[in-house]
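J.: Pasting a structure here, questions to come.
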Amino acid sequence: MGEQERRCIEIDRRQLVMRTIDIETLIDNDHPARTLWQITGELDLSPFYAPIKSLADGPGRSRFDPRLLICVWLYGYSRGIGSARELARQIEIDPALQWLTGLDSINHHTLSDFRVDHKQALDQLFAQVLGVLLHAGLMTLERVTQDGTKIRAARAAMGTFRTDAQIRKDVELARQHVAALDSEQESVGRQAGARIRAARERTDRLERALEEIETLRASKKKDRKRFMPKVSETEPEARVMRNNEGGFAASYNAQISTDAEHGLIVCAALSNDVNDSQQLKPAIERLQAACGRTPKQMLADGDFTTNASVTAAAQAGIDLYGSWSGRQYNPAGGQKALVAAGFQHQDFHYDAERDVYVCPANKLLTHTRNIRHSNGAFQIVYRSPMQQCRACPAHGQCCPGWPKRGGRQVSRQGVLPAVAAFQAKMSTREAQLIYRQRSRIAEFPHAWPKEKFRLRRFHVSGIAKAGIELTWAALTFNLLALHRLHRRPLLAAA
Numbered sequence: 164m165g166e167q168e169r170r171c172i173e174i175d176r177r178q179l180v181m182r183t184i185d186i187e188t189l190i191d192n193d194h195p196a197r198t199l200w201q202i203t204g205e206l207d208l209s210p211f212y213a214p215i216k217s218l219a220d221g222p223g224r225s226r227f228d229p230r231l232l233i234c235v236w237l238y239g240y241s242r243g244i245g246s247a248r249e250l251a252r253q254i255e256i257d258p259a260l261q262w263l264t265g266l267d268s269i270n271h272h273t274l275s276d277f278r279v280d281h282k283q284a285l286d287q288l289f290a291q292v293l294g295v296l297l298h299a300g301l302m303t304l305e306r307v308t309q310d311g312t313k314i315r316a317a318r319a320a321m322g323t324f325r326t327d328a329q330i331r332k333d334v335e336l337a338r339q340h341v342a343a344l345d346s347e348q349e350s351v352g353r354q355a356g357a358r359i360r361a362a363r364e365r366t367d368r369l370e371r372a373l374e375e376i377e378t379l380r381a382s383k384k385k386d387r388k389r390f391m392p393k394v395s396e397t398e399p400e401a402r403v404m405r406n407n408e409g410g411f412a413a414s415y416n417a418q419i420s421t422d423a424e425h426g427l428i429v430c431a432a433l434s435n436d437v438n439d440s441q442q443l444k445p446a447i448e449r450l451q452a453a454c455g456r457t458p459k460q461m462l463a464d465g466d467f468t469t470n471a472s473v474t475a476a477a478q479a480g481i482d483l484y485g486s487w488s489g490r491q492y493n494p495a496g497g498q499k500a501l502v503a504a505g506f507q508h509q510d511f512h513y514d515a516e517r518d519v520y521v522c523p524a525n526k527l528l529t530h531t532r533n534i535r536h537s538n539g540a541f542q543i544v545y546r547s548p549m550q551q552c553r554a555c556p557a558h559g560q561c562c563p564g565w566p567k568r569g570g571r572q573v574s575r576q577g578v579l580p581a582v583a584a585f586q587a588k589m590s591t592r593e594a595q596l597i598y599r600q601r602s603r604i605a606e607f608p609h610a611w612p613k614e615k616f617r618l619r620r621f622h623v624s625g626i627a628k629a630g631i632e633l634t635w636a637a638l639t640f641n642l643l644a645l646h647r648l649h650r651r652p653l654l655a656a657a
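Each residue of the sequence shown is one higher than the last, beginning at 164 in this note's numbering.
So, in structure tokens, the structure goes:
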């Protein structure tokens, strides 16, 4: 007698099942989705409701509750879902999203439109949460860090970047295509509507690309004739930036201000500047506008600490801590290769008491003018009289190719009072200990959205819409932190 077959429960996937679902038991009482629903219920969401025209006793189709859509997007970002299509799919299967929606479905068009259609209302919501955090003592503005991180653009692949001439050619072709479709529409009616809209959108993008080309050309200070700027035809506002992986990609520069008390985000904004050298002053202005006051201390790395930014911080009454990159003007200039050894800039002695330079031939160069630069720095220029240089035996070694209107010229870097005070402060051990806290505070709000929210690439195109998505991510970050800190009862008091 052979061994009998073991008996197991059969799986019948052809059966139809009716289940009773208790929606309230889908998630635990301390689930983040409940926290989001509670918090949004205690905030003023009226700006989100204002565009709804359907009234309770009037005609019109009912709309999804903005409070629900806000919570769905906040929870979606917390789960690393930034795609409207994927979020709509998760609503059908994720217990937390099912609890939020009451087992209802929301199509991806509704989700996608809501995310980008309420910028002003979203900014006001972020400001309300900021006020709650300040009132609860979770933010103090005693110490704030400023840092930037690069996030890839949604549609600007590296292969879409074109020069001025290439874009103009494509614009002309696009206009011809639109004209041809317009004539076709007269004969086929509405059938060509979608194609015409797509063609016109492409034409608009190409024309914006030409505007961005002119913006880049105007921002170039030197070598404008040889400068050949390129912009993306699919997302003109994006710029090629170095990323953390060591490569280059079409990206935006996300500027984030972080409060040191609990590492919460005070402000978040988007720029297409490839570096941070001009970002500290706008950050100070945003902090003033958002909080009604500026922080007592700010910490920023060497990319931010220029002459202009250090001066701006001092004028705002902010105690700035940061590394000084040592960016200095080259006093030798373009004449270094022409001047003989022994007559280089370092061979000229500066007499601080008399404020003159003494040349190797023991002649005096006096202060003639100051040259100010756009970054706030300035040079102090010293020049020898033309007759004195021409009569000098070393004229050929010291002044070859020098302008005929004057004698030998040297200069030194001027130090602004605010910069001098900043450098003196940063040379102390106490200041260095404070500055060492920067990376611990500033870099976590960068890493969390990229890793947990998967926001390494924006899901919407254009700097305006990408900036809105950054605000959604910052709002999600702060509300999740509030949930972790278990300080929800303070909302009622605020």
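We treat Cβ as the ideally placed atom computed from N, Cα and C, and that holds for glycine.
In this text the structure is predicted, and so the values were computed from the model without any measurement.
Please return the same chain residues whose Cβ sits closer than 7 Å to the Cβ of Ala-594, not counting the five positions on each side in sequence.
T.: Closer than 7 Å at the Cβ level, and outside the excluded window around Ala-594, lie Tyr-484, Lys-588.
J.: With Asn-407 and Ser-414 assumed to form a contact (beta carbons below 8 Å), what rounded beta-carbon distance in angstroms separates them?
T.: Asn-407 to Ser-414, Cβ: 11 Å. No contact.
J.: Can you check whether the CB of Ala-417 is closer than 9 Å to the CB of Gly-311?
T.: Against a cut-off of 9 Å, the Cβ pair of Ala-417 and Gly-311 comes out as a contact.
J.: Please return the same chain residues whose Cβ sits closer than 6 Å to the Cβ of Ala-637, not counting the five positions on each side in sequence.
T.: Ile-428, Ala-431, listed in sequence order.
J.: Per DSSP, which one or two residues make a beta bridge with Leu-527?
T.: Looking at the DSSP assignment, Leu-527 forms a beta bridge with Val-521.
J.: Could I get the ranges of all uninterrupted beta strand (DSSP E) runs contained in the stretch 379–455, with 3 residues as the minimum, in chain order?
T.: The stretch 379–455 contains these whole beta strand (DSSP E) runs: 402–405, 411–422, 428–434.
J.: Quick one: what does DSSP say Leu-483 is sitting in, helix, strand or coil?
T.: Three-state DSSP puts Leu-483 in a strand.
J.: Between the Cα of Val-675 and those of Ala-446, Glu-173, Asn-438, Ile-254, spot the shortest distance and give me the residue it belongs to.
T.: There is no way to answer for residue 675, as the model of the chain reaches only from 164 to 657.
J.: Within 10 angstroms of the Cβ of Pro-556, are there 16 or more other Cβ atoms? Answer buried if so, exposed if not.
T.: When all chains shown are included, Pro-556 counts as exposed.
J.: Please determine if the stretch 290–299 and the stretch 212–231 are in contact, where contact requires at least 3 C-beta pairs separated by less than 8 Å.
T.: Cβ pair count under 8 Å is below three, so no.
J.: Grouping DSSP H, G and I as helix and E and B as strand, with all else coil, what is Tyr-492?
T.: Low confidence applies to Tyr-492: its pLDDT is 49, below 50, so where it sits in the model is not reliable enough to give any reading.
J.: So the alpha helix (DSSP H) Thr-273 belongs to, where does it begin and stop?
T.: Looking at the DSSP string, the run of the alpha helix (DSSP H) that includes Thr-273 is 271–279.
J.: Using 9 Å as the threshold, is the C-beta distance between Leu-288 and Leu-206 below it?
T.: Contact: yes.
J.: Could you compute how far the alpha carbon of Arg-647 sits from the alpha carbon of Gly-322?
T.: Cα to Cα, the separation comes out at about 43 Å.
J.: By Cβ distance below 7 Å, which residues in the same chain neighbour Gly-497 in space, the five residues on each side in sequence not counted?
T.: Note that Gly-497 has pLDDT 46, beneath the 50 cutoff, so the model's placement of it is unreliable and the number below is only indicative. So no residue of the chain qualifies.
J.: Who are the near neighbours of Pro-523 in its chain, counting only those whose CB is closer than 8 Å to its CB and skipping five residues on each side?
T.: So the list reads Gly-505, Phe-506, Asp-510, Phe-511, Ala-557, Cys-561, once near-sequence residues are dropped.
J.: Whose C-beta lies closer than 7 Å to the C-beta of Trp-262 among residues of the same chain, with five residues either side of it excluded?
T.: So the list reads Ile-186, Leu-189, Ile-190, Ala-196, once near-sequence residues are dropped.
J.: Around the C-beta of Glu-398, are 16 or more other C-beta atoms found within 10 angstroms, so that it is buried, or is it exposed?
T.: Its Cβ being crowded by 16 or more others within 10 Å, Glu-398 is buried.
J.: Which class does Asp-510 belong to by DSSP, given the choice of helix, strand or coil?
T.: Asp-510: helix per DSSP, three-state reduction.
J.: If we ignore side chains and look at the alpha-carbon of each, how far apart do Thr-468 and Tyr-240 end up?
T.: The alpha-carbon atoms of Thr-468 and Tyr-240 are separated by roughly 33 Å.
J.: So, is Thr-203 buried or exposed, given that buried needs 16 or more other C-beta atoms within 10 angstroms?
T.: When all chains shown are included, Thr-203 counts as buried.
J.: Going by alpha carbons, who is nearest to His-609 out of Trp-200, Val-623, Ser-590, Asn-641?
T.: Answer by Cα proximity: Asn-641.
J.: With a Cβ-Cβ cutoff of 9 Å, do Thr-264 and Val-235 count as a contact?
T.: Against a cut-off of 9 Å, the Cβ pair of Val-235 and Thr-264 comes out as a contact.
J.: Can you check DSSP and say which residues form a bridge with Gly-300?
T.: In DSSP, Gly-300 forms no bridge with anything.
J.: For Lys-332, which of helix, strand or coil comes out of DSSP?
T.: Note: Lys-332 maps to helix in three-state DSSP.
J.: Under 8 Å by Cβ, that's how I've got Ala-219 and Glu-305 pegged, so tell me the actual separation to the nearest angstrom.
T.: The Cβ separation is near 47 Å, so there is no contact.
J.: For Trp-611, which residues from the same chain have a beta carbon less than 8 Å from its beta carbon, with the 5 sequence-adjacent residues on both sides left out?
T.: Excluding residues within five positions, the ones whose Cβ falls inside 8 Å are Phe-640.
J.: Could you tell me the alpha carbon to alpha carbon distance between Tyr-492 and Val-573, rounded to whole angstroms?
T.: Residue confidence is low: Tyr-492 scores 49 on pLDDT, short of 50, so the model does not pin down where it sits. No coordinate-derived value is stated.
J.: Taking the alpha-carbon of Arg-571 as reference, which of Ala-316, Leu-527, Arg-368 has the nearest alpha-carbon?
T.: Checking every option, the nearest Cα to that of Arg-571 belongs to Leu-527.
J.: Around the C-beta of Gly-245, are 16 or more other C-beta atoms found within 10 angstroms, so that it is buried, or is it exposed?
T.: By the neighbour-count rule (16 or more Cβ atoms within 10 Å), Gly-245 is buried.
J.: Measuring alpha carbon to alpha carbon, tell me which residue in Gln-167, Gly-243, Pro-210, Gln-442 is nearest Pro-229.
T.: Minimum Cα distance to Pro-229 is reached at Pro-210.
J.: At the level of alpha carbons, what is the spacing between Ala-259 and Ala-317?
T.: Spanning the two alpha carbons is a distance of roughly 28 Å.
J.: Are Ser-420 and Arg-449 close, meaning C-beta to C-beta below 9 Å?
T.: Cβ distance < 9 Å, so Ser-420 and Arg-449 count as in contact.
J.: Can you tell me whether Asn-533 is helix, strand or coil according to DSSP?
T.: Of the three classes helix, strand and coil, the one that applies to Asn-533 here is strand, per DSSP.
J.: State buried or exposed for Thr-366, treating a residue as buried only when at least 16 other CB atoms are found within 10 Å of its CB.
T.: Buried, because 16 or more other Cβ atoms sit within 10 Å of the Cβ of Thr-366.
J.: Under 9 Å between the Cβ atoms of Ala-320 and Ser-395?
T.: Result yes, Cβ atoms of Ala-320 and Ser-395 sit closer than 9 Å.
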